[in-house]
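Here's the structure we're looking at; comments come further down.
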Amino acid sequence: MNSKTTLVTGGAGFIGSHLCAVLVGKGYRVICVDNLLTGSRSNIHQLEQNERFRFIEHDVTNELRSTMNDVRTIDFIYHLASPASPVQYQNHPLETLHVNSIGTENMLKLAQETGASFLYTSTSEVYGNPLEHPQKETYWGNVNSYGPRSCYDEAKRFGEALVYTYTHHYRVNARMVRIFNTYGPHMEKDDGRVVSNFVNQALDNQPITIHGDGNQTRSFCYVSDMVEGIVRAMETEHTSSEIINLGNTDERSIDEIADLIIKLSGSRSEKEYKELPPDDPVRRQPDISKAKELLKWEPKISLEEGLTKTIEYFKQMANSQ
Ligand code: NAD
Ligand code: UDP
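All residue numbers for the sequence shown refer to full-length UniProt numbering, where the first residue is 1 and numbers rise by one.
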């Protein structure tokens, strides 16, 4: 049995709750810290029955010591806390700026004090509307610093600079992953991301709201694959100071995603084309050769399989209400 302690910030959110479950399953003691801004206690309801799991309601822009006094015993810190959906981070722009800057620095300081290994979840958004395709870790990006998405994109870029600084100047054992679009159970029904929107619209036989002409592309990774990649990035030797893209390379247009969800859910929904939001990236696909080589990781779940599981989850959620 593993006796190490892991702290997961944002652990009541979509990806964080799956990560907590995997870590508890691996025998870690898991402390989940979340202020429930965009996450939900229902995501960790079952985990709360497990004695190796502990939930602390706390805003990581404040020092953790103010809520928890036994911080010395932490071995690993996975720092996920941050709104991730464009609708959510645009509803909470200051919270997003602060959690990725002040919150990230608080967690890095905690790693420095405790000697814990640290992982930051950055994002493909640091590449902005990319002029290089697919995107490699070495690409510097094409990001608007002054627009509706900049509270997220620039906050994550600042978070990356903090990780660089604490790694290179303060010897913290830290790495970061750049996560590309991820989907699956525990997404909030109304958080505005494309997969949760389309699946719930399809299940209700409501119009599928496509932004623009739907020709913009994304590459979608199922959450269990993502969590496996995140854990490997932490646990694999010699990943300190590395930046690693994590995502699925299966690039599809948003129009194609709509058709697939309508088909897989047996929906009668029609597609409705709406205005494209400003600064919406045109294309996005990860180059994951570094993750393949360094972590021996690549996604296993196909889009069709992952969407089927996600549709089933939202169906069950609707039936249980
Ligand atoms: P989510 O919104 O479901 O989860 C984020 C969690 O962080 C929520 O539970 C929220 O309550 C919590 N949180 C926010 N501010 C906090 C604060 N100040 N203190 C404590 N907790 C706070 O988002 P997610 O999709 O699970 O994303 C998790 C991480 O992965 C984020 O850092 C996000 O930027 C990154 N990421 C996600 C995706 C994706 O497609 N899901 C893509 C790129 C990057
Ligand atoms: N999108 C859409 N309809 C929706 C929600 C999103 O067409 O109801 C589009 C959005 O404009 C973007 C893509 O789907 O082009 C992915 O959006 P999401 O918000 O999931 O994540 P992003 O990759 O933009 O951060």
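Note that CB positions come from ideal geometry on N, CA and C, so glycine has one too.
>> Could you check whether the Cβ of residue 215 sits closer than 8 angstroms to any heavy atom belonging to the ligand NAD?
In response: By one-based count along the sequence shown, residue 215 stands at place 215. Because no heavy atom of the ligand NAD lies under 8 angstroms away, the Cβ of residue 215 does not count as near it: no.
>> Within a Cβ cutoff of 8 angstroms, which residues of the same chain sit near residue 207, ignoring the five residues on either side of it in sequence?
In response: As a working note, residue 207 is residue 207 in the sequence shown. Same-chain partners within the cutoff: 201, 269, 270, 271 and 272.
> Within the present structure, is the beta-carbon of residue 125 separated from the nearest heavy atom of the ligand HEM by less than 8 angstroms?
Replying inline: The model depicted lacks the ligand HEM and carries the ligand NAD and the ligand UDP instead.
> So what's residue 259 in DSSP terms, helix, strand or just coil?
Replying inline: Counting from 1 along the sequence shown, the entry for residue 259 is found at position 259. Three-state result, residue 259: helix.
>> Taking 6 angstroms as the limit between beta carbons, can you name the residues of its chain near residue 244, skipping five residues before and five after?
In response: As a position in the sequence shown, residue 244 is number 244, starting the count at 1. Excluding sequence neighbours, residue 244 sits near 177, 233, 290 and 291.
> By a C-beta neighbour count over all protein chains shown, 10 Å radius and 16 as the cutoff for buried, is residue 156 buried or exposed?
Replying inline: Numbered from 1 along the sequence shown, position 156 holds the residue referred to as residue 156. Classification of residue 156: buried, given that the 10 Å Cβ count is 16 or more.
> Under a Cβ-count criterion, where at least 16 other Cβ atoms within 10 Å of its own Cβ denotes burial, should residue 248 be classed as buried or exposed?
Replying inline: Along the sequence shown, one-based indexing puts residue 248 at 248. That one is buried.
> Taking 8 angstroms as the cut-off, does the CB of residue 75 come closer than this to any heavy atom belonging to the ligand UDP?
Replying inline: Walking along the sequence shown from the start, residue 75 turns up at place 75. No, since every heavy atom of the ligand UDP falls outside the 8 angstroms radius drawn around the Cβ of residue 75.
> CA-CA distance, residue 223 and residue 169?
Replying inline: The residue you call residue 223 lines up with position 223 of the sequence shown. The residue you call residue 169 lines up with position 169 of the sequence shown. Answer to the nearest angstrom: the Cα atoms are 33 angstroms apart.
>> For residue 255 and residue 214, I'd like the C-alpha separation in whole angstroms.
In response: Taking the sequence shown and counting its residues from 1, one reaches residue 255 at position 255. Taking the sequence shown and counting its residues from 1, one reaches residue 214 at position 214. So the alpha carbons of these two residues sit roughly 5 angstroms apart.
> Alpha carbon to alpha carbon, what distance is there between residue 203 and residue 87?
Replying inline: Here residue 87 is taken as the residue at index 87 of the sequence shown, counted from 1. Here residue 203 is taken as the residue at index 203 of the sequence shown, counted from 1. Roughly 21 angstroms between the two C-alpha positions.
>> Using only CA atoms, which one of 8, 38, 21 and 103 lies nearest to residue 192?
In response: As a first step, residue 192 must be located in the sequence shown, where it is residue number 192. When each option's Cα is compared against that of residue 192, the closest is 38.
> So, residue 121 versus residue 241, is the Cβ gap smaller than 9 angstroms?
Replying inline: To locate residue 121, count along the sequence shown from 1; it is residue 121. To locate residue 241, count along the sequence shown from 1; it is residue 241. No; because the gap between Cβ atoms is not below 9 angstroms, this pair is not in contact.
> In terms of alpha-carbon separation, which member of 36, 48, 15 and 14 lies closest to residue 30?
Replying inline: For this step, residue 30 is matched to residue 30 along the sequence shown. Comparing Cα-Cα distances from residue 30 to each of 36, 48, 15 and 14, the minimum goes to 48.
> Just the Cα atoms here: how many angstroms apart are residue 97 and residue 313?
Replying inline: In the sequence shown, the residue the question calls residue 97 occupies position 97. In the sequence shown, the residue the question calls residue 313 occupies position 313. For residue 97 and residue 313, the distance between alpha carbons rounds to 31 angstroms.
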